[in-house]
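As structure tokens, the structure follows; a few thoughts come after it.
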Amino acid sequence: MRPAPTRATASRPALLAAAAGRGALAGLVGVAAMTAGELLEQALTHRPDSFVPGRTLRTLLGRPTGDGEQPVLWNHAMHWGTGAAVGSIAGVWAALGLRGLRAQAAHTAVRLAFDQTVENATGAGAPPYTWPRSEQVVDVLHKAVYSLVTGRVAERVLPGAASAGDLRRTGPSARGSSALVAGQASRTPQRFGHRPPSRRSSRGSSQRVIRVRSRVPRSKPEPAWTAIATPTCRPSDSVTTASCRTR
């Protein structure tokens, strides 16, 4: 029989939705950090702005543009919107306990995969292997900064231990569950001769065992004639029974 749904299991979608919302906010912080890094990098390398995100968004909405157009507002909308959308994944991961540098490295791969999927599916972008090596390195570094900041912020605003316990719990609340287990343990009958873990109860347990043993009736001693009639030798094939001596 399946257990009845509890408050914890019923609120699981709500907890995940709240974690995704906070992850989206953390993603916006990550986009801000990535944008600051991009501006600094462009000031040093003189790399021009890329309007591929804006063209991708317009193509997704059925309003494709040419390669020569520079949709600035659409570019910002895709830039910040993608950061919030992928940041929601980091929020869910943080709530489930997927944290640290490994989770942030995996999130970097997710962000890169998302960008390349939508850009190449719409035809607005080109495969990464056709890019110059320097642009490949720069793109990976910027997305790594985004995922690192997003993950750190999500882990700070989402208590991983409590959220993971709430999401994985299938019974009552933590306090009620521990009380239920303690009550069942107190009602569980102890086995005969079992020594309780506490020192105060161990003495009483040994006394109870002694009293139980004292009630067992002692066996009566065997009569003396049984010992006298017992032979001290075993007859063999060459010796008769009468030749065996008795005590």
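Residues in the sequence shown are numbered from 1 upward in steps of one, following the UniProt record's numbering.
Glycine residues also receive a C-beta, built at the ideal position from the N, C-alpha and C atoms.
1) Look at R111 and S147 and say whether their C-beta atoms are less than 8 Å apart.
2) Are there three or more Cβ pairs, one per stretch, closer than 8 Å when the segment 13-22 is compared with the segment 87-98?
3) Is it the case that the Cβ atoms of G23 and G87 are separated by a distance below 8 Å?
4) Over the uninterrupted alpha helix (DSSP H) stretch that includes S134, give me the two end residues.
5) For T56, report the span of its alpha helix (DSSP H) as first-last.
6) How about A84 and G151: do their beta carbons lie closer than 8 Å?
7) In this structure, does DSSP put D67 in helix, strand or coil?
8) Quick check: the Cα distance between V140 and A32, rounded to an integer number of angstroms?
9) Going by Cα to Cα distance, which pick from P48, Q104, L96 is closest to R12?
10) What is the rounded straight-line gap between the Cα of Q70 and the Cα of A106?
11) Going by beta carbon distance, what residues of the same chain come within less than 8 Å of Q136, once the five residues before and after it are set aside?
12) Comparing alpha-carbon positions, which option in L60, S50, M34 lies nearest V118?
13) Measure the alpha-carbon distance for W80 versus G54 and round it to whole angstroms.
14) Just to confirm the assignment, what range does the alpha helix (DSSP H) spanning R12 have?
15) Taking C-alpha atoms, which residue in T122, S50, T35 lies nearest to K143?
16) In the DSSP assignment, find the unbroken alpha helix (DSSP H) run with A95 in it and report its ends.
17) Just the Cα atoms here: how many angstroms apart are W74 and W131?
18) Does the Cβ-Cβ distance between V29 and G125 come in under 8 Å?
Looking at the coordinates:
1) yes
2) yes
3) yes
4) 133-157
5) 52-60
6) no
7) coil
8) 16 Å
9) L96
10) 32 Å
11) P128
12) L60
13) 11 Å
14) 12-45
15) T35
16) 72-96
17) 23 Å
18) no
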